[in-house]
Amino acid sequence: MSPNPKDLLVLDRGHNTTCTIHLHGATVLSWILKGEEKIFLSPKAVFDNKKAIRGGIPVVFPCFGPWELGPAHGFARISRWEVIQEPKKTEAGDIRAILVLTDSESSRKLWNYSFRLTYTVTLAENSLVTDFSVTNKSSESFDFTCLLHTYFRVDDINTVSVSGLKGLKYADKVRDGNLFSEDREVVTIRENVDRVYIATENTHLISNTLDGKTLTISKSNFPDTVVWNPWKAKAAAMPDLGEESYPNMVCVEAGHVSSPVNLSAGATYNASQTLQA
Ligand code: BG6
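Numbering follows the working numbering, in which position 230 of the sequence shown is assigned residue number 232; successive positions increment by one, without gaps.
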């Protein structure tokens, strides 16, 4: 299934460098840098403007994980976002687009608050910058968790490693969410891994993504990092993924998830992620 071109926003800075955003969820589907796709999008992803898109960079808000009030990972990734700035050149020569999501009748039915999410996507020469902000437009404070659920494209998950996690505590979702300590300099993945690393370094290197290349994630105000790959059996059980795809993806997700953000009435929370090749 391919997305409908009418649902897409394309940022193009020439030299075969583009970023494509789907308005459903403001999901970045693709970041091509000098001809090379850096982001994993499942060949079985469904583009029905209802289901969350399997791959890319889904935006998780207002709840990471299962949510007693609504869909898992919240409603932002399955809501239609509005474009408030079409792709436009910045003074620095980058290409930037801005999307927003505000509360609606359907969001208030699940979560009765007034808010404005702003997502600014900037395609720079060698990097993709995603700035995320939440403004509380309600007359009372609210709590939320949020995360950018980035799926990286890799040649072979068996050779990938992630830095910046040594010595940290993590909740292992594969082991009932129990807390463990990471003692490895770099984290490798050889099985179903689903971990919420708490209070991580602001930079992670993902090594051996494509042709031995390293990608860097730099984050600000996203204190936690989730590392996820469902591995063979779980991937096989996901109709929009399939067992053939798990070796070609790794999710390294910057978020504020191990504790909620408490946002006062009228206040704005800002967080940001930069992917650098
Ligand atoms: C990860 C979670 O962030 O997302 C996993 O830690 C979850 O537990 C995964 O399985 C995918 O979630 P979903 O809802 O897109 O299938």
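Backbone N, C-alpha and C fix where the C-beta goes; we use that ideal spot for every residue, glycine too.
Closer than 6 angstroms: residue i CB and nearest the ligand BG6 heavy atom
i	result
TRP230	yes
LYS90	no
ALA28	no
ASP9	no
HIS24	no
ASP157	no
LYS175	yes
HIS75	yes
LEU196	Note on identity: in this sequence residue 196 is Asp, with Leu being the wrong assignment. Yes, Cβ of ASP196 sits closer than 6 angstroms to a heavy atom of the ligand BG6.
Residue i burial status per 10 Å Cβ neighbour count (16 or more: buried)
i	result
GLU255	buried
ASN272	exposed
ARG155	buried
PRO5	buried
LYS171	exposed
GLN275	buried
ASP196	buried
ARG110	exposed
GLY166	buried
HIS206	buried
SER141	exposed
THR227	buried
ARG56	buried
ALA237	buried
THR92	exposed
GLY95	exposed
Alpha carbon of residue i to alpha carbon of residue j, nearest angstrom
i	j	result
ALA279	ASP105	35 angstroms
PHE42	ALA28	16 angstroms
TYR199	VAL61	18 angstroms
LYS53	TRP83	14 angstroms
THR72	THR270	Correcting the residue type first, residue 72 is Gly in the shown sequence and not Thr. Computed Cα separation, rounded: 23 angstroms.
ILE97	LYS221	20 angstroms
GLU70	SER81	18 angstroms
PRO68	LYS90	37 angstroms
LEU1	PRO225	Residue 1 lies beyond the range of the chain shown here (3 to 279); nothing can be said about it.
GLU316	SER209	What is shown of the chain runs 3 to 279, which leaves residue 316 out entirely.
THR161	THR22	28 angstroms
LEU25	GLU88	12 angstroms
ASP158	MET251	8 angstroms
LEU101	LEU13	13 angstroms
SER129	PRO45	24 angstroms
SER183	HIS17	43 angstroms
ASN204	LEU10	30 angstroms
ALA290	VAL164	Nothing about residue 290 can be read from this structure; the chain reaches only from 3 to 279.
Interface flag, residue i vs chain D, CB-CB below 7 angstroms
i	result
VAL162	The chain labelled as chain D is not found in the depicted structure, where only one protein chain is given.
Are the stretch 140 to 149 and the stretch 169 to 179 touching by the rule of at least three beta carbon pairs closer than 8 angstroms? no
Taking contact to mean 3 or more Cβ pairs, one atom from each stretch, closer than 8 angstroms, check whether the stretch 46 to 61 and the stretch 20 to 38 are in contact. yes
Pairing CB atoms from the stretch 34 to 41 with CB atoms from the stretch 66 to 80, are three or more of them under 8 angstroms? no
Inter-stretch contact (C-beta, 8 angstroms, three-pair minimum) for the stretch 231 to 242 and the stretch 213 to 223: no
Could you name each continuous beta strand (DSSP E) segment of 3 residues or more that falls completely within the stretch 205 to 236, going from the start of the chain to the end? 205 to 209, 217 to 222, 226 to 231
Assess contact between the stretch 4 to 19 and the stretch 107 to 119, defined as three or more Cβ pairs (one per stretch) separated by less than 8 angstroms. Is contact present? no
I'd like the ranges of any beta strand (DSSP E) spanning at least 3 consecutive residues and lying wholly in the stretch 77 to 161. 84 to 91, 97 to 104, 117 to 125, 129 to 138, 144 to 150, 153 to 155
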